[in-house]
Each structure stands twice: as C-alpha cells, then as structure tokens.
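Down below is the structure, laid out as structure tokens.
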Amino acid sequence: MSSAHFTAETSADGVVERDFTVAGVPGALWSPAASSGRAPLVLMGHGGGNHKKSPAVRGRARLLVADGGFHVACLDAPGHGDRPRTDHDEREIGVMQRAMADGDPVGPVVVRYNAHLAERAVPEWRAALDALQELPEIGPGGPVGYFGLNMGTAIGVPLVAADPRITAAVFGLFWGDSLAETAQRVTVPVEFTLQWNDQHIPRASGLALFDAFASKEKTLHANAGSHKELPRFEAASAVRFFVRHLGGAAPRT
157 MSSAHFTAET SADGVVERDF TVAGVPGALW SPAASSGRAP LVLMGHGGGN
207 HKKSPAVRGR ARLLVADGGF HVACLDAPGH GDRPRTDHDE REIGVMQRAM
257 ADGDPVGPVV VRYNAHLAER AVPEWRAALD ALQELPEIGP GGPVGYFGLN
307 MGTAIGVPLV AADPRITAAV FGLFWGDSLA ETAQRVTVPV EFTLQWNDQH
357 IPRASGLALF DAFASKEKTL HANAGSHKEL PRFEAASAVR FFVRHLGGAA
407 PRT
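Residue numbers for the sequence shown follow the working numbering, beginning at 157 and rising by one.
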C-alpha cells in the first residue's frame, strides 16, 4: 500500500493546504490549522477541464475546513491538472470541442469520456483514501464523505457505490443515462443539486439520476439557472449536510 508523500505546504486564515502524491497521482489536502484530534475527511472530485486546486474546488474545500472542521482531499483526475493526457484523452477532448463549436449536443461525448475516466480514477481514489487514513489527524475508520459535481459526479457515483468507507455524498449536474444503474447501488445519504434550466443536461436526465439512488435519505436541490449558475449557497448547504452525517464543527450562521 502506497503512503501519501507531501511535497509542499502553505497556511492562511486558519487553513493548511498541502500538496501530496499517492502512487504518482497528485492531490491536495486542506486541514484546520489548529486541530485537537482527528476530524472527518471529505473527498472532493473536480469538474471536467479543471484540476485539484481550481478556484471552485479550493473555495469549497476552505469552506468545509473553516465552517465544518473537516479535512478535504482532491486528486487531479486522469488527464487533468498536473497529469499528462493520453492519446485517448486528446481524441475525446477534440470531439467535445468540435461538438461545442458546431453547436451539437456534447452530452453523449462527455458521458462516454467521463465513464472512461472513472474506470481509471476510482482505484486511484481508493488507494488515496487508504493512504490518507494512515495520517494520525484522519485515522482509520473515521467518517468519510464525498463531494463532486459534473465530472466529480461521474467519478464519485461509482466510487461511493464501490467503497463502503464513504457514508455520505453530495452529487449533481450530470446526466442520468449512464449512471442510473450504478446509482442503484448507492445507499448512503445523498444531497443532489440540479439546475432547472441547464442547457446541456436535460431536466429529465438529471431527475432520473436522482431517482435512481437507492438511499433512504436523499434530498433534491433544484435551482433556477443554467449549467454554470449553481448558487453559491449550495456550498454552504453541503457543509451543513456533512456536519449532520459525518460530525464535525457546527457551521457558522
């Protein structure tokens, strides 16, 4: 089993940010600067075309640390961030770019490509979780959640379905067509976000994914607006969700 190898560390506003690798896969870990023992861990998947420290990821991670007292880890997905693209990555990205330029639907390409990335990323995430749980501030057997939108959902649904250590998840903004069967194996509490006027994901497809989760507790957050107009208050809602299901500090009001 590979351990986490830390390569850099910075601290600001009560949050420590550390770069690490596990078996060559680069990641980032955010933690409370002042800690009095173990705290729950939230794994965070980034969106397509982004990376482990993109502004949205870093902002949500810092909120989870500051308002929830969590540790938060994000890995660069295959072909993203500091990871080189394969020939397959380049071909699929080229197809997506041509579809967008021609005004054609990108959903079928995104779904196919993201499924390929998930096959590679799920084993990497499970290995990273093994390594992170070796850290004394996280520890084995502690509460673990998952937070991922867009491509983070495409990778997160099969990850949560496969790994029983993850006991709560926030998903959203993805097509239900390819993930519905896998979602039927997800039984943990789920919070799901959907944009009612999403120009890429048909409303029925997003609702079908929410409906497919076998969780006894699942909540749908449907907001007006297009694909990239997810309200910022959904990040605060995710903090409250994880505090309820993983423990942690009471969120600031």
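Ideal Cβ positions, reconstructed from N, Cα and C, are used throughout, including at glycine.
What is the rounded straight-line gap between the Cα of D286 and the Cα of E385? Within the sequence shown, residue 286 is the residue found at index 130, counting from 1. Within the sequence shown, residue 385 is the residue found at index 229, counting from 1. In this structure, the alpha-carbon of D286 lies about 35 Å from that of E385.
Who are the near neighbours of N353 in its chain, counting only those whose CB is closer than 7 Å to its CB and skipping five residues on each side? Within the sequence shown, residue 353 is the residue found at index 197, counting from 1. Contacts found: A380, G381 and S382.
Contact check, F303 vs V198, beta carbons under 9 Å: The residue labelled residue 303 in the question sits at position 147 within the sequence shown. The residue labelled residue 198 in the question sits at position 42 within the sequence shown. Contact: yes.
What does the alpha-carbon distance come out to for the pair A392 and V221? Your numbering for residue 392 matches position 236 in the sequence shown. Your numbering for residue 221 matches position 65 in the sequence shown. Each residue's alpha carbon lies about 12 Å from the other.
Range covered by the beta strand (DSSP E) that runs through S210: Position 54 of the sequence shown holds residue 210. Where S210 is concerned, there is no enclosing beta strand (DSSP E), because DSSP gives it neither an H nor an E.
Of the residues F330, V228, V265 and S187, which one's Cα is nearest the Cα of G203? Taking the sequence shown and counting its residues from 1, the one referred to as residue 203 is at position 47. The shortest C-alpha to C-alpha distance from G203 to any of F330, V228, V265 and S187 is the one to F330.
Helix, strand or coil for A324? Go by DSSP, reduced to three states. As a first step, residue 324 is located in the sequence shown; it is residue number 168 there, counting from the start. Three-state result, A324: strand.
Looking at C-alpha atoms only, which residue of E293, F226, D245 and S159 is the closest neighbour of H272? Along the sequence shown, read from residue 1 onward, the residue named residue 272 stands at position 116. Checking every option, the nearest Cα to that of H272 belongs to D245.
Check S187 in the structure and name its three-state DSSP category. As a first step, residue 187 must be located in the sequence shown, where it is residue number 31. The three-state reading of DSSP puts S187 in strand, counting E and B together.
Applying the 10 Å Cβ sphere with the 16-neighbour rule, what's the burial state of A217? In the sequence shown, the residue the question calls residue 217 occupies position 61. The residue in question, A217, is buried, as its Cβ has 16 or more Cβ neighbours within 10 Å.
State the beta-bridge partners of S167 as determined by DSSP. Taking the first residue of the sequence shown as position 1, residue 167 is located at position 11. Looking at the DSSP output, S167 shares a beta bridge with V172.
In the DSSP assignment, the beta strand (DSSP E) including V278 goes from what residue to what residue? The count along the sequence shown starts at 1 and reaches residue 278 at position 122. In the DSSP assignment, V278 falls outside any beta strand (DSSP E) and lies within the alpha helix (DSSP H) extending over G263 to L288.
Put V300 into one of helix, strand or coil per three-state DSSP. Against the sequence shown, residue 300 aligns to sequence position 144. In the structure shown, V300 sits in a strand (DSSP, three-state: E or B).
Close-in-space but distant-in-sequence residues of the same chain around I294 (CB under 8 Å, 5 per side omitted): Locating residue 294 in the sequence shown gives position 138, where the first residue counts as 1. A distance below 8 Å between beta-carbons, with the five flanking residues on each side excluded, links I294 to the following residues of its chain, in chain order: R194, A195, L197, H227 and L288.
Proximity of A160 and V171 at Cβ, strictly below 9 Å: Here residue 160 is taken as the residue at index 4 of the sequence shown, counted from 1. Here residue 171 is taken as the residue at index 15 of the sequence shown, counted from 1. No, the Cβ-Cβ distance between A160 and V171 is not below 9 Å.
Below 8 Å CB to CB, which residues in the same chain sit around S167 once its five sequence neighbours on both sides are set aside? Translated into positions along the sequence shown, residue 167 becomes position 11. These residues qualify, in order along the chain: E173 and A189.
Taking 6 Å as the limit between beta carbons, can you name the residues of its chain near G301, skipping five residues before and five after? By one-based count along the sequence shown, residue 301 stands at place 145. Within the same chain, G301 has close Cβ partners V198, A324, F398 and L402.
State yes or no: is the C-beta of I322 within less than 9 Å of the C-beta of G263? Indexing the sequence shown from 1 puts residue 322 at position 166. Indexing the sequence shown from 1 puts residue 263 at position 107. No. Outside cutoff.
Taking the beta strand (DSSP E) that H244 falls in, what are its first and last residues? As a first step, residue 244 is located in the sequence shown; it is residue number 88 there, counting from the start. H244: not part of any beta strand (DSSP E); member of the alpha helix (DSSP H) spanning D243 to D258, first to last residue.
Got a sec? Which residues, its chain only, sit under 8 Å from P182 by beta carbon, not counting five neighbours each side? Here the question's residue 182 lines up with position 26 in the sequence shown. If we look at P182 and ignore the five residues flanking it on each side, its Cβ neighbours are D175, F176, K208, L231, D232, G237, D238 and R239.
To the nearest angstrom, how far is the alpha carbon of M157 from that of E290? For the purposes of this step, residue 157 is taken as residue 1 along the sequence shown, with counting starting at 1. For the purposes of this step, residue 290 is taken as residue 134 along the sequence shown, with counting starting at 1. Whole-angstrom Cα-Cα distance: 10 Å.
Rounded Cβ spacing between A364 and A336 (contact assumed at less than 8 Å): Against the sequence shown, residue 364 aligns to sequence position 208. Against the sequence shown, residue 336 aligns to sequence position 180. Contact flag correct, Cβ pair sits at about 6 Å.
Name the two residues that bound the continuous beta strand (DSSP E) containing V346. Locating residue 346 in the sequence shown gives position 190, counting from the first residue. That run of the beta strand (DSSP E) goes V346 to Q351.
G205: which of W281, I249, P261 and R282 sits nearest, CA to CA? On the sequence shown, residue 205 is found 49 positions in, with the first residue counted as 1. Nearest neighbour of G205 by Cα position, chosen from W281, I249, P261 and R282, turns out to be I249.
Would you grab the beta carbon distance between F348 and F366 for me? Rounded to a whole angstrom, and I think it's under 8 Å. What you label residue 348 is simply residue 192 of the sequence shown in a count that begins at 1. What you label residue 366 is simply residue 210 of the sequence shown in a count that begins at 1. So it is a contact: roughly 5 Å between Cβ atoms.
Helix, strand or coil: how does DSSP classify F162 here? To locate residue 162, count along the sequence shown from 1; it is residue 6. When DSSP states are grouped into helix, strand and coil, F162 belongs to the strand group.
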